[in-house]
Every structure is written in structure tokens, then in C-alpha cells.
Amino acid sequence: MVVLRVLFLMFLTFLPGFTALTWSDDLKDGQPVYACAGANLLLPWNVSKATTEGIEDIKWFYSGRSQEMIAIFANGNFLSMPSFDGRVLHVTTGGLYLRHVQVSDTGNYSIEVSGHDASGAFVTHRHTAVVRVGDSLMTTDGDLHVTEEVKAMWDNSDQQFHVVLNCGTFTYLTYPPFEVEWTHSDGSKGNSSTYNDGKFQLLLANPIKGGNYSCRIPAHSAAAACLPGHTPKPVFAGISVDSMEGRLTVMEAQQSALKEDNSDLNIELSNLKTEFSDYKNDTESVHVSFHAKGSSSSISITYTQPVLLPTVSINQGNGFTASTGKFAVPVNGTYFFAATMSSGRSASANNYYRTDAELVVDGSVVCKIQSPVYGEVGSCQAVVELHVGQSAWLRCGRTVATNCYYNGPVTSFTGFLISQA
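In UniProt numbering, the protein residues as written are 1 to 421.
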């Protein structure tokens, strides 16, 4: 009682407040806990705190053969309920110690911490442990059995299939608190390869050696395995393995794996063919090109106007509009443009003018056509990265003071898509 009172006083120093409870990993929420009948059981719930909130009380509950409260800690006092009186102790900040548990104590045990957060709102934190108590070997039928798996198992460590022997079937939800010992056909001893679905498993080495194999619970593990009276005699079970059948089992697994690999490869090949076909269709179906030229011998426009080219011989993708003289980008990609122009002459003055024109994208110049000789033909080319929504056209150069005169039949504007983005 003196020790218990000291624990109470220590816990009181913990109560002034907490921001959010931090639970230790000693006992995780929902974790299974195993015990043998007559043994003592510790549920080591442990929480830590900060300094802005407060705890009102801690309660413990049991749900199994009945549903009831086990105990409560409030105002520095620990009080156990009548059905648990004398059997439970409060340890650490939230831990519970049960004496001499029995099979009837199997069930769910919970801790509930209640208090107020920084805003004054009432809050409750709850964690649960799944307790299983056994008074004999905790298998599905109380006995130990060794069986051989119908199918071989793949082992990543050596990249091979192996025949698998099972020892069980245990009712532990997690790894049992003891090991089993295997005896091989040549008399050598060994541990299990793994534990899975209530069974200790042994992967037999290749090539398979036939003979008798057995698993046993050693005498020193009798107490942990809940064997009646903690018998000093080991509990064991055995099986006879046929080497030829074992090798056939491995071969069947290998054959099945090859078929599965073949199926996966066929699916992958089919997907690649589909992707290639889609890519081919995309690249083959997207064709953008145009060629347009003027018709009248001499046409006059101002600097702000595009050069109109009404004679369109090709217009794949329908990007070029003759009425505006502009090419509207139909797909994102890299484009090639070429323009050719010859200046015309003024009908009123009967004079020829120098060739001066610009190829522009959204008003920005990408190449220029200039000739110092009146009436001479000039050209320019450009490769441009363009996106849908942009436009390209041919216009008079900036050096023209008023009107621009060009020779329609000699003036042309060409463009095409090099590659799609």
C-alpha cells in the first residue's frame, strides 16, 4: 500500500494539464496481449503531457464475458470495482496490473482519459488492448499438428520455390511468445523460417530430402505456451515427406510462375503495341501545312494590314484563312515558315518601290524581307515553337512611310508543322 500511495502522488504531479496525450509504444492501441491462466498480466499504458489542458479522471473498462468498469482514478484516488477488487493495481501513468488471470478474463480492456482542452471543451482519449488467456496449448483444437502445404512458396532471399511445412494451427493473432524447434530428416535441428496465419513455417532446402520431419515445443517454452502443469516433456508432431512428390511440387510452382510471367509479358507486349499504334496514329493523323499567294499584279496596303493572299493551293489542318491572310496555329508544335515578296508599283505615280516586309507571330517579327533594289524579289524563313491560339502572318515593313505596294503573283506565304509538341 505504501508503494501504491507513492505511485498515486507521482501521478498527481502529472495531472495539472496536457495539450494532447502522447501514448508510448509499450502498448499500442488495439494490440493483442497474451497470458496463461494463473499468471499476472501487465497492461503498460503510458501517456505523457504538455501544459495547457487538464485531466479530470482515468477509467478502465472490460468487455468480454460481461461489460463493466474495472477501476477509476480521480482526485488522486484509485478505486477498483467490486468484481476486480484486490486483483488490480494502478502502475505508471495509465498502466493496469491484473493478478492471477483466468481464461474467463479473456476480452477487450480499455483505458479512457477524460479532461478539458485549451478552449475548455471536454475531451476523451481511449485506447484498447485485446487480451487472450489460455489454460492449454493455444491452437484451434488444443493439439499440435504438422502439415505440408499443397503449393510451394517463393523465397526472395534465394530466389527459389520451396516445399513448406506448417506447425500449428495456433490462435495467436501475432507472433507467439515462444518458438518451436524443427527436426529435419537427417536429425539436424533448426528454427522456423517464418510465422504466418497461425502457423510456424519451415521452408525445406532444395533439392528436397525425403524422410521424417517434426516440430516441437521445447520444455523450456512450456510455461510460455500455456502447457498444462508446465510439463517437462516436449510437445511435438511429425510428418513424412516424399522427396519425389516434393520435387514435383516445386516443379509445378516453377511451371506456373513461367506461365504467369509469359502472360504478363504478353500483356506488356500488347500494351506496347497499343501505345505504338496510338503514337503512330497520332503522328500520322496530324498534318498541318499551307501555301498561299497573291493574285493581282500590284496591291497597296498600309503598315498595320496583313498581306492578303487569296490563292490557297494547300491548307491541311485549315489553319490559314485567305480573307485575313493569317495562319492560326491548330496544334502545339514546331513550325517552319517561308515568305517571298516582290514590291509592286504605284498606279498613280507609275513608280516601283523597294521590297520591305515582315513575317510576324502575334505581332512580333520573326524574319524580314528587304531589298535595296526597286522591284526586286526577297524572301525569309523561320522555325518557330508555337501554341494553339497564336497566329502568324505577312505584313509591310516598318520602314514604309505610308502605303506598301506588292506584286501579288510573285508574293507567297508557306508554312508547315515539323513536329508536334
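Note that CB positions come from ideal geometry on N, CA and C, so glycine has one too.
- Assignment of beta-bridge partners to W182 by DSSP yields G190 and C215.
- DSSP places M138 outside any beta strand (DSSP E), giving it a letter other than H or E.
- A distance of 8 Å or more separates the beta carbons of T174 and T140.
- Sequence-distant partners of I418 (beyond 5 residues in either direction) whose C-beta falls short of 6 Å from its own C-beta, in its chain, are T334 and F336.
- Judged by DSSP in its simplified three-state form, L258 adopts helix.
- Here the C-alpha atom of K293 lies approximately 9 Å from the C-alpha atom of T414.
- Annotation for G64: no beta strand (DSSP E) segment contains it, and DSSP assigns it neither H nor E.
- Ranked by Cα distance from L394, the first of G30, S297 and A382 is A382.
- The Cβ atoms of N191 and R99 lie no closer than 8 Å to each other.
- Counting of Cβ neighbours within 10 angstroms places P82 among the exposed residues, the total staying below 16.
- Between A357 and G397, the C-beta gap is smaller than 8 Å, which places the two residues in contact.
- The C-alpha of S136 lies about 9 Å from the C-alpha of D143.
- In the three-state reduction of the DSSP assignment, G142 falls in the coil class.
- For a cut-off of 8 Å, the C-beta gap from I217 to V180 is around 6 Å, short enough to register as a contact.
- Following the DSSP letters along the chain, one finds G30 in no beta strand (DSSP E), marked with neither H nor E.
- With contacts defined by Cβ atoms closer than 8 Å, V241 and Y213 form a contacting pair.
- Straight through space, the alpha carbons of F276 and L359 are spaced by roughly 37 Å.
- M244 sits exposed, since fewer than 16 C-beta atoms from the chains shown fall within 10 Å of its C-beta.
- Around the beta carbon of D264, a 10 Å sphere encloses fewer than 16 other beta carbons of the protein chains shown; the residue is thus reported as exposed.
- From the listed residues I70, A339 and G76, the smallest Cα separation to L96 is found for I70.
- Annotation for E112: the continuous beta strand (DSSP E) segment containing it runs G107 to H116.
- Excluding five sequence positions before and after S296, the CB atoms of its chain that fall closer than 6 Å to its own CB belong to G408, given in chain order.
- Contact check for A338 and S371: beta-carbon distance about 16 Å, past the 8 Å limit, so the pair fails to qualify.
- Comparing C-alpha distances from I208 to each of Q201, D197, A152 and Y195 shows the shortest one belongs to A152.
- The Cβ atoms of V131 and T106 sit closer than 8 Å to each other.
- Looking at the DSSP output, V123 bridges to G115.
- In its chain, beyond the 5 residues on either side, L41, V101 and V133 have a beta carbon closer than 6 Å to the beta carbon of A35.
- Taken through DSSP and simplified to helix, strand or coil, D362 comes out as coil.
- With contacts defined by Cβ atoms closer than 8 Å, N403 and T304 do not form a contacting pair.
- A direct Cα-Cα distance of roughly 44 Å separates T169 from N271.
- Per DSSP, the unbroken beta strand (DSSP E) holding V241 starts and ends at V235 to V241.
- With a cutoff of 8 Å on beta-carbon distance, V384 and V410 are scored as not near each other.
- When the beta-carbon positions are compared, L203 and W182 stay at least 8 Å from each other.
- Assignment of beta-bridge partners to V130 by DSSP yields P32 and N108.
- Y374 has its alpha-carbon roughly 9 Å from the corresponding atom of S342.
- V164 is bridged by DSSP to L203.
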